[in-house]
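Start counting the sequence shown at 969; every next residue gets the next number (my numbering). Working notes, structure below.
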Amino acid sequence: MDNTIKIGKNVIEEEIQALNYLKESIDSNFEKAINLILQTKGKVIITGMGKSGLVGKKIAATLASTGTPSFFLHPAEAVHGDLGMISKEDIVIAISNSGETPELLAIIPTIKRWGNKVIAITNNKLSTLAKESDIHLFLNVKKEACPLNLAPTSSSTATLALGDAIAITLLTKKGFSKEDFARFHPGGSLGKKLMKVYEIMHKEDELPIVKPETPLKETVIIMSEKGFGAAIVEDENNNLIGIITDGDLRRFIKKGGSIDKSLTKVAMTLNPKKVEKNKYVLEVLEEMEKYNITVMPVVDNGKPIGIVHLHD
């Protein structure tokens, strides 16, 4: 019988065990590291070689996107001038599974001489890097998930998890909010979901607004011109009273209704789902998906001021 699935599951089990060992190793040094970072006025510089460097890049990106200014510094480039990227207020987190990576050990003395604090992440408490650091965070990995115990697997996973633990603890301590997260992710779908409705809604001349007495034929033209597949219906006081969609039109025609001879009020939906302008986009998307609707009027004191479209 092919043991492919068994091997895959064993690797995951090994890494789960490594994370459990890591959890056991979280002690007062972790708290000291968090407090040190919270107190700094500078950035958190992450450095590491090989796989540790790749994980370090991810940790730096996570820190930066969650409110802790950070960037990755390649140690081999650092000894050739890039050490100048470190300012006197910065903290350095040096990552090395063995704690004996030559490229890291070459730059630590200079960093220390400048007065910068160094946090080391290693799997060897007795290593040179652990001893030279101000704070040492121990990975506590017993063995790699690789059967040869050589390829960085469990150690990489543990390092990444520890980086996440640092970032999210800092995020929590700082009271980092949804608004803050959206501010750092303006171009992504994630950031867009954390924006407020008024920031993404269509408004003013873009709005397809009609009255109950508007001829249905005219409403269809407005719906087509505005491109939302719907029109907002408001009364004489400009209060929202309904909506008419492509679906409403299809149902109206299927029942024998005539677009040429009817008014909007005979085909519209009364008291439609609506949203206040200060709601999060994420909440609105969830509601739209729940009720299987693609457009929703945005109101302020009952008056339509915008429209949101599911596919924006």
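All C-beta atoms, glycine included, are put in the ideal place defined by N, C-alpha and C.
Item to complete: Compute the Euclidean distance between the alpha carbons of K1233 and K1160, then round it to the nearest angstrom.
Response: 35 Å
Fill in: For F1106: DSSP bridge partner residues
T1090
Worksheet item: Using 8 Å as the Cβ pair cut-off and three pairs as the minimum, do the segment 975-989 and the segment 1025-1033 touch?
Response: no
Discussion item. My assumption, with CB atoms under 8 Å, is that N1091 sits in contact with S1123. Please give the rounded CB distance.
Written reply: 6 Å between Cβ atoms; contact.
Worksheet entry | Cβ pair K1171, G1274 closer than 7 Å | yes
Discussion item. Once the 5 residues before and after S1020 are set aside, which same chain residues still bring their CB inside 7 Å of it?
Written reply: I1063, S1064, N1065, T1127
Worksheet item: With a cut-off of 7 Å, does the C-beta of T1232 fall near any C-beta of chain D?
Response: The displayed structure is made up of one protein chain only, and chain D is not part of it.
Worksheet item: Which residues in the same chain as E1244 place their Cβ atom closer than 8 Å to its Cβ, once the five residues preceding and following it in sequence are excluded?
Response: V1165, V1266, V1267, D1268
Practice prompt. Find out if the Cβ-Cβ distance for the pair I1059, K1085 is shorter than 7 Å.
Written response: yes
Discussion item. Suppose the cutoff is 6 Å on Cβ atoms and the five residues either side in sequence are ignored; what does the same chain contact list for T1262 look like?
Written reply: L1278
Worksheet item: So the alpha helix (DSSP H) G1215 belongs to, where does it begin and stop?
Response: Per DSSP, G1215 belongs to the alpha helix (DSSP H) from 1214-1222.
Item to complete: Kindly indicate which three-state DSSP category P1265 falls into: helix, strand or coil?
Response: Residue state, collapsed to three classes: strand.
Fill in: Among P1180, S1101, A1113, F1040, the one whose alpha carbon lies nearest that of K977
Per the Cα distances, A1113.
Fill in: Inter-residue spacing [alpha-carbon to alpha-carbon] between E1204 and S1145
Looking at the two C-alpha atoms, the distance is approximately 41 Å.
Item to complete: Pull up the DSSP beta-bridge partners for S1038, would you.
Response: V1012
Practice prompt. For the alpha helix (DSSP H) containing I984, list its first residue and its last residue.
Written response: 972-993
Worksheet item: Just to confirm, are K1185 and D1228 a CB contact at a threshold of 7 Å?
Response: Contact flag set, yes.
Item to complete: Give the C-beta separation of A1129 and T1034 to the nearest angstrom, bearing in mind that I take them to be a contact with Cβ-Cβ under 8 Å.
Response: No, A1129 and T1034 are not in contact; Cβ-Cβ is about 15 Å, not under 8 Å.
Item to complete: Since I believe A1088 is in contact with L1105 (beta carbons under 8 Å), could you give me their beta-carbon distance rounded to a whole number of angstroms?
Response: 7 Å
Worksheet item: What is the DSSP secondary structure of I1227, reduced to helix, strand or coil?
Response: coil
Worksheet item: If we call anything under 7 Å between Cβ atoms a contact, is E1057 one with K1009?
Response: yes
Worksheet entry | Beta-carbon gap between G1210 and V1201 smaller than 7 Å | Cβ atoms of G1210 and V1201: closer than 7 Å.
Practice prompt. Return helix, strand or coil for E1167, following the three-state DSSP convention.
Written response: Three-state DSSP puts E1167 in a helix.
Discussion item. Taking the alpha carbon of Q1007 as the reference point, which residue from P1037, V1023, I994, T1015 has its own alpha carbon closest?
Written reply: P1037
Worksheet item: What is the DSSP secondary structure of P1180, counted as helix, strand or coil?
Response: coil
Item to complete: Excluding the 5 residues preceding and the 5 following T1015 in the sequence, name in chain order all residues of the same chain whose CB lies nearer than 6 Å to its CB.
Response: L1041, P1043, A1062
Item to complete: Would you mind sorting M1169 into buried or exposed? The rule is 16 or more other CB atoms within 10 Å of its CB.
Response: buried
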